[in-house]
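FYI, the numbering for the sequence shown is 0 to 132, going by numbering that gives the first Met the number 0.
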Amino acid sequence: MKVWGIGATWEKSMIKKFEEENAVAIGWEEKDAPALYGMMNEIEPGDLVYVKSFVIKGKKLSIKAVGEVVGNDFRQPYVFGENHGTIHVKWRENSFKHTESYMISSQEIRYNVYSHTLYREYNSQIIEKVLNY
Numbered sequence: 000m001k002v003w004g005i006g007a008t009w010e011k012s013m014i015k016k017f018e019e020e021n022a023v024a025i026g027w028e029e030k031d032a033p034a035l036y037g038m039m040n041e042i043e044p045g046d047l048v049y050v051k052s053f054v055i056k057g058k059k060l061s062i063k064a065v066g067e068v069v070g071n072d073f074r075q076p077y078v079f080g081e082n083h084g085t086i087h088v089k090w091r092e093n094s095f096k097h098t099e100s101y102m103i104s105s106q107e108i109r110y111n112v113y114s115h116t117l118y119r120e121y122n123s124q125i126i127e128k129v130l131n132y
């Protein structure tokens with residue numbers, strides 16, 4: 000099982016749509032972000048995805064929802080428009096009802112991926128927060 004962080008802000012917040020559709024997606028078309036779609040290819044059923052936001056100035060990562068991936072064919076069906084790949088998830092019961100926060104240390108911020116659209120999570124403390132969400 001891998002853990003993935005994904006942002007929910009495109010031109011506007013997509014968090015309500017993520018909740019309603021039991022899915023997540025990135026706000027980029029494949030032709031514009033092939034590396035992100037390469038990462039999406041690595042996401043498998045059983046992996047965990049957490050919807051996050053990150054405030055760079057405050058070094059605060061917020062976990063807003065956690066779901067288990069149930070479908071990894073991110074090209075079908077298109078929930079967010081035909082040019083946006085979709086990962087189908089089953090949200091945990093408390094998702095979208097509260098936010099868990101994690102303060103990123105000065106050491107951790109040196110290798111900052113938290114402002115990225117999508118990334119695999121390797122920080123054991125954040126993984127623990129996701130598992131216990």
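For every residue, glycine included, the Cβ atom is placed at its ideal position computed from N, Cα and C.
- Give me whichever residues DSSP pairs with Glu99 in a beta bridge. Ile62
- Message: Checking the sheet assignment: what are the DSSP bridge partners for Glu67?
- Response: Leu47 and Lys89
- Query: Whose C-beta lies closer than 6 Å to the C-beta of Ile25 among residues of the same chain, with five residues either side of it excluded?
  - Reply: Leu35, Thr116 and Leu117
- Determine the DSSP secondary structure at Val23, reduced to helix, strand or coil. strand
- How should Ile108 be labelled, buried or exposed, when 16 other C-beta atoms within 10 angstroms of its C-beta is the threshold for buried? exposed
- Per the contact definition of three or more C-beta pairs closer than 8 Å, is the segment 57-64 in contact with the segment 36-46? No, the segment 36-46 is not in contact with the segment 57-64.
- Distance between Trp3 and Gly84 (C-alpha atoms, nearest Å): 15 Å
- CB contact flag (Glu18, Trp90, <8 Å): yes
- Message: Considering just the uninterrupted stretch of the alpha helix (DSSP H) at Val129, what are its terminal residues?
- Response: Ser123 to Leu130
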